[in-house]
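Undergrad: Residue numbering for the sequence shown follows the working numbering, beginning at 437 and increasing consecutively.
Got a structure for you, questions after.
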Amino acid sequence: MLARILALITKEFLTIFKDKRSRFLVIVPPIIQLLVFGYAATFDLMRIKFAVYDEDKSSLSRELIAKFTGSTHFKLVKELNDSSEIEYLLDSRQVLMILHIGPLFSRRVINENNAPVQVIVDGRNSNTAAILLGYVNSIITDLNDKLFVDRYGRSLPLQ
Numbered sequence: 437m438l439a440r441i442l443a444l445i446t447k448e449f450l451t452i453f454k455d456k457r458s459r460f461l462v463i464v465p466p467i468i469q470l471l472v473f474g475y476a477a478t479f480d481l482m483r484i485k486f487a488v489y490d491e492d493k494s495s496l497s498r499e500l501i502a503k504f505t506g507s508t509h510f511k512l513v514k515e516l517n518d519s520s521e522i523e524y525l526l527d528s529r530q531v532l533m534i535l536h537i538g539p540l541f542s543r544r545v546i547n548e549n550n551a552p553v554q555v556i557v558d559g560r561n562s563n564t565a566a567i568l569l570g571y572v573n574s575i576i577t578d579l580n581d582k583l584f585v586d587r588y589g590r591s592l593p594l595q
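Shown next as structure tokens:
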């Protein structure tokens, strides 16, 4: 049975490659697609629309927001005054991400060296969400490194 299938496949390939037009149709379009899609398909996200819900409103929370707005990857479109707008903004696709900074953010950073920040991401496109979270992680890590240097006068040891 397997020998018959292999014989049929071989016969079809020989038939296709005998004709010049068939050869062209089999070889050229995949090469063109490889070249075009290789340059057109990019996974970089630029100017991601996001909103901020800053309950702390301290200089440290503003510094964190400035790191996001200073990045080429993010574009601040709205500052929220309460949490009731969060669901609407995500559901209406006005933003892809909401950065929520809690009310005791700066105090916890100073006193406890640990302050959680909530990042709410529209997860309808999981690839976009994963890339976006990578950018967020990078920005927050940069801020952590800066705060560590400011406090201890040296950079974090590499692990």
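Beta carbons: idealized from backbone N, C-alpha and C, even for Gly.
Predicted, not measured: the structure shown is a model, and the values here were computed from it.
Assuming V488 and I501 make a contact with CB atoms under 8 Å, what is their CB distance in whole Å?
TA: The sequence position of residue 488 within the sequence shown is 52, counting from 1. The sequence position of residue 501 within the sequence shown is 65, counting from 1. That pair is a contact at about 6 Å.
Undergrad: Alpha carbon to alpha carbon, how far is K503 from N550? Give it in angstroms, no decimals.
TA: Looking up residue 550 in the sequence shown gives position 114. Looking up residue 503 in the sequence shown gives position 67. In a straight line, the C-alpha of N550 is about 18 Å away from that of K503.
Undergrad: My understanding is that V553 touches L532, with C-beta atoms under 8 Å, so please give their C-beta distance in whole angstroms.
TA: By one-based count along the sequence shown, residue 553 stands at place 117. By one-based count along the sequence shown, residue 532 stands at place 96. Incorrect: roughly 17 Å between the Cβ atoms, too far for contact.
Undergrad: Taking its Cβ as the centre, do 16 or more other Cβ atoms sit within 10 Å of I445, making it buried, or is it exposed?
TA: In the sequence shown, the residue the question calls residue 445 occupies position 9. Answer is exposed; the Cβ neighbour count stays below 16.
Undergrad: According to DSSP, which residues form a beta bridge with M437?
TA: Locating residue 437 in the sequence shown gives position 1, counting from the first residue. Answer is none; M437 lacks a bridge partner.
Undergrad: Report, in whole angstroms, the separation of the C-beta atoms of L496 and S542, which I expect to be a contact under 8 Å.
TA: Taking the sequence shown and counting its residues from 1, one reaches residue 496 at position 60. Taking the sequence shown and counting its residues from 1, one reaches residue 542 at position 106. With a Cβ gap of about 4 Å, L496 and S542 count as contacting.
Undergrad: Could you check how far apart the C-beta atoms of K454 and R483 are, in whole angstroms? I think they sit under 8 Å.
TA: Taking the first residue of the sequence shown as position 1, residue 454 is located at position 18. Taking the first residue of the sequence shown as position 1, residue 483 is located at position 47. So it is not a contact: roughly 52 Å between Cβ atoms.
Undergrad: If you measure between the beta carbons of E579 and E515, is that distance less than 9 Å?
TA: If you number the sequence shown from 1, residue 579 lands on position 143. If you number the sequence shown from 1, residue 515 lands on position 79. Looking at the sequence provided, one finds Leu at residue 579 rather than Glu. Contact flag unset, no.
Undergrad: Using DSSP's beta-bridge definition, name the partner residues of V572.
TA: To locate residue 572, count along the sequence shown from 1; it is residue 136. DSSP output for V572 lists no bridge partner at all.
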